[in-house]
Amino acid sequence: SDHMENICGYLMKYTNLVTGWQYRYFVLNNDAGLLEYFVNEQSRHLKPRGTLQLAGAVISPSDEDSHTFTVNAASGEQYKLRATDAKERQHWVSRLQICTQHHTEAIGKNNPPLKSRSFSLASQGSANSPGVQRRPSQNAVSFFNVGHHRLPTGKRVPIMQPDHLVDVREMMSQAEGQQRDLIRSIECLPASGHLTSLDQDLLMLKATSMATMNCLNDCFHILQLQHASQQKGSLPAGTTISWLEPKISLANHFKNGAAQNFPAEINKPASVREEQSIAEPCQLTREPEEINPDEELEDICDDKEDDLGAVEEQRSVILHLLSQLKLGMDLTRVVLPTFILEKRSLLEMYADFMSHPDLFIAITNGGSPEERMIRFVEYYLTSFHEGRKGAIAKKPYNPIIGETFHCSWRMPKSHVATDAATNSSAQPPSEQVTLPKDPEGQAEPDYYTVKFVAEQVSHHPPVSGFYAECVERSMCVNAHVWTKSKFLGMSIGVTMVGEGVLHLLEHGEEYTFSLPCAYARSILTVPWVELGGKVNINCAKTGYSASINFHTKPFYGGKLHRVTGEVKQNMTNTVVCRVQGEWNSVLEFTYSNGETKYVDLTKLSVTRKRVRPLEKQGPFESRRLWQHVTESLRDGDIDKATEHKRALEERQRNEERLRAETETPWCTKYFLKDGDGWVYHKPLWKTVSAAQTQQTDSN
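1 is the number of the first residue of the sequence shown in UniProt numbering; add one for each residue after it.
Structure representation (C-alpha cells):
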C-alpha cells in the first residue's frame, strides 16, 4: 500500500501502422484501478481519450528494447507504450503491476466461488436473442454432458508437490479426452437445421475449449520447468519460460463430420518418426558446404496453388482461428492451419525473387551511375511478381532454425543487356577488379552463373539471411530479413524488418535497400496479397537515391497493387526518372529526356532456378526437410501434412529447450552476426580484396 500512488506523465503510445507512435498524457488512478490517457496535460480536465480497467490486466516489459512495455487488459484491449528510458519504464511497470494486483485480489475477495452449476449456451444471450428463440429447451449440459463443480465446503486445496505432477498429467489427459468428445459431438451435427456444426455459439465453444486446454498444457510445462529447477537448484542461464504454440491440430479438430484418431507413437508414419529423431543440429557438421553448381539441375517443380474451393471448404477453421486472435496480436508464435500453406519454405520464396537474373546482372552494365541506379530500380520492382505464386494469399513454411536453401541460375551472356560505354578500360587501373583465374585453363562458358544461399539464423525473432553472387560480373547482394506478423481484423500484416546491400565491385558502389510490408486481405472470403509502404534505395558513393511507394487500395475506389517512385541525384535534387504502374502488371518508366519505357511483367521471361536433387541435399536443406509436408499437400492429405509439420515444430522446440538447459549457443552455418545484421561468411567483396592483395604482392 506504500507504493499505491497516483502517477502521471507523458508516454508514447503506438496507434497503428499508419499513424505510428504518438505522445499522450497518461494518468494512473489507483483508487479506481484505471489507466487513462489524454491528448496532453492541458486536456486532463476533459473526458479521457481512452481508459483501461487494470483488474486482471497483464503488464509486460517488451523484449524489443529497454523502453517499451504493454498493458493487456482482461477485456482484450492492449496499450503498447514507450517511456523515455529504462528507468522510467521500470517506474511505470512496477506501479501498474502493484495497482493491478491490488484490484485483482479485491475482485477475488468480493466474488466467492460459484455454486455448482450447468453451462447453457442459450443462457449466454438475452431473452430475445436468436439463440434462445430457436432452441429454448436445449442447453450444453443436456446435449454434451458438460458441467462445472467445486470442492466440498471446508476442504482446502493442498499445495501441489513435485511428485503430484503425474496425477496432474493424468487428470489433464482425461480433460483432453472430454474436450475431444465435445468437438466430435459438435462436428457430427447436421450442416443445416436449427442447430448446426457452423453455429456461431458452437464455434466459440470449440475455440474456448481449445484455448483452455492449450493454456493448461502451457501451465503444466511451466510446472515441469520449475520441478526441474528445484532438482538442479536453479534454472540454467538463458532459459525462458514462454507460452508454447497450440498442441492440438486445427485440421484434425475442425474438419467437419470426420471422426478423428489420435494414434500412439508406434502408429506414426516412419517419416514422422524420422523427423522427430534427427539429431541436434549443432551435433551435425556446421562447417559451410561449398555447393557445386554443376550438381544442380533445372527445377521441374511447378506447384500451382489450389483454387478458391480449398479455402471455402475450411471456412470453419478460419472462423475458429479468428476467434482466438486479437487486434494487433503478434502472430509469430501462432500455429496457422496447414491448408493455407504454400508448398515451399520462406527461404525458397526469397530465392524466387531472383527469377529475372538477366535484369540483375544487367545492373552493373549500366554506363553511368544514373543508369545503374535506374536499372536496379527496374530489377527491384520486377522481382515481387514472380515471388508470389497464385492469386490466393498463402503462407510459405516458417523455416526451422538452421534450415538452408541453395540454388543457382544460368543466364546466357547474349541475353543480358549491355552498354556500349561500359568496358573495363574505361575505369582507372585502381578500380579494376581481378578475380582468380581458372587453374585448369578451361574455356570460358557462354553463360553467367548466379549462386544463391539462404539460412534461417534465428528462431525468436525469426530472422533469415540470404546472399547471391555473380562472380563473372563481380557483383553480389547480402540481406537479412526479420518477419513480424500482426493480426489486423480482416487482414494480416507482415512487416519485413531488415536491410539488403547490393555490391557492384567493378564500380566500387554499394546500394542499400529495404523491403515493403505485405498484407493478406479478405481472409474470410477470397484472401489476396497486396504490398504497402515506402522503401528507399541509396548509393552513398554516387549520390543517387530512389524512393518507392507501394500504395494499398483505399476503402473507396482506387487501383490495386499501385506503385509510384522516383530516382534523383541528391546533390542537385534533380529527378532523373519517374515510375508508376502496378507491381504485378505493367510498369511505366519516364526519363528526364522525355523518353518512356513500358515493362509488362506478365510477359517477362522467367529463368528457372537450378536445385540439387533431394538425394544430394543435406537433412536441413529446405526441400528435403519439408518434403513429407509438401508431398502430403500435393496429395491433398491435410491431416497427414499437419502431422509431419507438427513433428518438425516439436523437434525444434525440444532442441531449443535442450540448448537453453545446457547453455549451448546456436551455431550458424553460412552467416555471421555483424552488429544488428547478418553477413555471408565468404562474401565476394572479401574474395576480390584477397585476390587484389595477392596480385599486388606478386607485382
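Glycine is no exception: its CB is placed at the ideal position from the N, C-alpha and C atoms.
This one's a predicted model, so the numbers in the text were calculated from it and none came from an experiment.
Secondary structure note for Arg-646: its alpha helix (DSSP H) is the uninterrupted segment 638 to 662.
For Leu-297 against Val-606, the beta-carbon gap comes to about 17 Å, at or over 8 Å, which does not count as contact. Leu-34 is a Cβ neighbour of Leu-54, given a cutoff of 8 Å. Taking the C-beta atoms as reference points, Leu-52 is found nearer than 8 Å to Glu-77.
Nearest to Arg-651 by C-alpha distance, out of Gly-402, Ala-454 and Thr-495, is Gly-402.
When C-beta atoms of the segment 449 to 457 are compared with those of the segment 405 to 417, three or more pairs fall below 8 Å, so the two segments count as touching.
Tyr-14 places its beta carbon 8 Å or farther from that of Arg-24. Rounded to whole angstroms, the Cβ separation of Pro-369 and Tyr-544 is 6 Å, and the two are in contact under 8 Å.
Residue pairing by DSSP places Val-494 opposite Ser-485 and Ala-518 in a beta bridge.
Inter-segment contact for the segment 535 to 544 and the segment 339 to 356 is absent: fewer than three beta-carbon pairs are separated by less than 8 Å.
For Ala-540, the three-state secondary structure derived from DSSP is coil. Val-679 sits away from Ser-474, with the two beta carbons spaced by 8 Å or more. Spanning the alpha carbons of Tyr-598 and Phe-589 requires a straight line of approximately 6 Å. Distances from the alpha-carbon of Ser-75 to those of Lys-87, Ser-62 and Gly-56 put Gly-56 closest.
Going by beta carbons, Asn-478 and Gly-500 fall inside the 8 Å limit. Across the structure, Phe-384 and Cys-476 are spaced so that their CA atoms are roughly 19 Å apart. Here Phe-220 is near Met-172, since their CB atoms are less than 8 Å apart. Secondary structure at Phe-360: helix, using DSSP grouped into helix, strand and coil. The C-alpha of Ser-464 is placed about 18 Å away from the C-alpha of Pro-619. Residue environment analysis places Met-571 among the exposed positions, since fewer than 16 neighbouring C-beta atoms fall within 10 angstroms of its C-beta.
Here the C-alpha atom of Lys-87 lies approximately 42 Å from the C-alpha atom of Arg-169. Gly-677 is positioned such that its CB atom lies closer than 8 Å to that of His-480. Take Asn-549, set aside five residues on each side of it, and the residues of its chain with a beta-carbon closer than 6 Å to its own are Lys-534 and Thr-564, in chain order. Of all alpha-carbon atoms in Gly-532, Ile-638 and Val-27, the one lying nearest the alpha-carbon of Leu-46 is that of Val-27.
Distance between His-628 and Ala-32, taken at the CA atoms: about 56 Å.
Taking each of Gly-9, Leu-11 and Asn-16 in turn and checking the Cα distance to Leu-488, the smallest one comes out for Asn-16. Judged by DSSP in its simplified three-state form, Val-606 adopts coil rather than helix or strand. Thr-70 carries a strand assignment under DSSP once its states are collapsed to helix, strand and coil. In the DSSP assignment, Met-411 is bridged to Tyr-448. One Cα belongs to Leu-11, the other to Trp-21, and the distance between them is close to 10 Å. Of the residues Ala-73, Ile-98 and Phe-69, the one whose Cα lies closest to the Cα of Thr-84 is Phe-69.
Per DSSP, Met-349 is one residue of the alpha helix (DSSP H) stretching across 346 to 352. Here DSSP, grouped into helix, strand and coil, assigns Cys-215 to helix. For Ser-632, the enclosing alpha helix (DSSP H) covers residues 627 to 634.
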